[in-house]
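The UniProt record's numbering numbers the first residue of the sequence shown as 1 and each following residue consecutively.
Take a look at the structure below.
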Amino acid sequence: MFLESNNHSVFKLNYHLVLVTKYRRSVIDDNISDFLKKIFEYIGEKYGIKLQEWNHDKDHIHVLFSAQPNSQLSKFINAYKSTSSRLVKKKFPQIKSKLWKSAFWSKSYCLLTVGEAPLEVLKEYIKSQGEDKRASNLQISYLSYERTRRK
């Protein structure tokens with residue numbers, strides 16, 4: 001497991017973000033997705049956010065990204081949504097007719113944390129802190145999980 005660090009902390013913060021177009025309008029094609037991705041990467045730099053994986057369907061995008069402890073996720077997401085909405089309508093004016101009152105994104109979004117190990121393994125690991133025997137068994141369980149995950 002690779003950990004990132006800055007001046008004051010060591011961390012691994014990964015998130016899965018899903019953004020949906022307003023009223024699920026089918027307006028995202030490959031070109032628009034590529035454009036939205038470039039905007040994400042550009043704005044993400046200012047917030048300490050790095051894109052890990054990106055994909056789309058006609059009415060939504062899935063983004064896997066890493067962040068830093070001082071990343072302001074809600075501010076970043078709002079900045080991304082407003083900027084990308086404005087720029088995508090400017091670059092691809094043909095989509096305006098498909099949108100509801102020119103709104104590109106839905107007001108809501110889904111943001112999930114993503115971990116390396118299953119939640120139950122982590123819960124047991126945390127419970128076992130200070131108990132040498134159980135901790136080593138959990139470490140073996142985690143290593144076994146990692147090996148099977150990579151196959």
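The C-beta atom is built at its ideal place from N, Cα and C for all residues, glycine as well.
Quick one: grab the DSSP three-state call for residue i.
{"i": "Val-10", "result": "strand"}
{"i": "Val-121", "result": "helix"}
{"i": "Leu-19", "result": "strand"}
{"i": "Glu-4", "result": "strand"}
{"i": "Leu-112", "result": "strand"}
{"i": "Ile-28", "result": "coil"}
Less than 7 Å between CB atoms is the rule here; does residue i satisfy it with respect to chain C?
{"i": "Ser-71", "result": "The displayed structure is made up of one protein chain only, and chain C is not part of it."}
Are the CB atoms of residue i and residue j nearer to each other than 7 Å?
{"i": "residue 207", "j": "Gln-52", "result": "Any answer about residue 207 is impossible in this case: the structure gives the chain only from 1 up to 151."}
{"i": "Tyr-80", "j": "Ile-43", "result": "yes"}
{"i": "Ser-84", "j": "Leu-17", "result": "no"}
{"i": "Lys-22", "j": "Ser-106", "result": "yes"}
{"i": "Val-121", "j": "His-60", "result": "no"}
{"i": "Ile-32", "j": "Phe-92", "result": "yes"}
{"i": "Asn-55", "j": "His-62", "result": "yes"}
Assuming residue i and residue j are in contact, meaning their beta carbons sit under 8 Å apart, how far apart are those beta carbons, in whole angstroms?
{"i": "Leu-99", "j": "Arg-25", "result": "6 Å"}
{"i": "Gln-72", "j": "Leu-13", "result": "In fact, because the Cβ distance is near 13 Å, the residues do not count as touching under 8 Å."}
{"i": "Lys-89", "j": "Ser-102", "result": "7 Å"}
If we require 3 or more residues per run, which beta strand (DSSP E) segments fall completely within the region 46 to 108? Within the region 46 to 108, the complete beta strand (DSSP E) runs of at least 3 residues are 50 to 56 and 60 to 67.
Sufficient close CB pairs (3 or more, under 8 Å) joining the region 104 to 115 to the region 69 to 85: yes
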